[in-house]
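Student: My questions all concern the structure below.
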Amino acid sequence: MSKFMRLLVMFDLPVKTKMERKAANQFRHFLLHDGYYMMQFSVYVRICNGRDAVEKHRQRILHQLPPQGSVRMLTITERQFEAMEILCGRKIPELDEKQQQNTVMIL
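Residue numbers (numbering that gives the first Met the number 0): 0 to 106.
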């Protein structure tokens, strides 16, 4: 049984003013530097090695929250993540390439 988990971070942040855009960009850059990758717009994901790592990254996000907007976190097992279905209206070749680059094979 795998102890690897995925932490999904979904956010909706205001970007009307210059300060709001700056806060949203800082949060997004924090996620990228903390090992997350963008799964789709405003949805970032990272792999964690067990519940302790999930809690560590959860605390890091809590300390980086922007002053406005909403941020949601969801923890799922690696098996649940692998069972995700990707539904597209038509096949997009560059999407397949990017997803292959972000897929981690655990043997």
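All C-beta atoms, glycine included, are put in the ideal place defined by N, C-alpha and C.
Do the stretch 51–63 and the stretch 0–12 make contact, defined as three or more Cβ pairs closer than 8 Å?
Tutor: Verdict: yes, contact present.
Student: Taking buried to mean at least 16 other C-beta atoms within 10 Å of its own C-beta, is Leu12 buried or exposed?
Tutor: Result: buried.
Student: Taking just the CA atoms, how far does Ala82 sit from Gln67?
Tutor: Approximately 33 Å between the Cα atoms of the pair.
Student: Could you pull out every unbroken alpha helix (DSSP H) segment of at least 4 residues lying fully inside the stretch 1–33, listed in chain order?
Tutor: Runs found: 17–32.
Student: Is Tyr36 near Val44, with beta carbons less than 8 Å apart?
Tutor: It is a contact, given that the beta carbons lie within the stated cut-off.
Student: List the DSSP bridge partners of Leu73.
Tutor: In the DSSP output, where bridge partners are listed per residue, Leu73 has Leu7.
Student: Assuming Asp33 and Arg59 are in contact, meaning their beta carbons sit under 8 Å apart, how far apart are those beta carbons, in whole angstroms?
Tutor: That pair is a contact at about 6 Å.
Student: If you run the structure through DSSP and keep just helix, strand and coil, what is Arg45?
Tutor: Residue state, collapsed to three classes: strand.
Student: What's the gap between the Cα of Ile21 and the Cα of Arg89?
Tutor: The question names Ile, but residue 21 in the sequence shown is Lys. Each residue's Cα considered, the two are about 35 Å apart.
Student: Between which two residues does the alpha helix (DSSP H) harbouring Gln58 extend?
Tutor: Note, Gln58: alpha helix (DSSP H), Arg50 to His62.
Student: Ignore the nearest five residues each way along the sequence and tell me which others in Ala23's own chain have a CB closer than 6 Å to its CB.
Tutor: Cβ within range, chain order: Leu12 and Val14.
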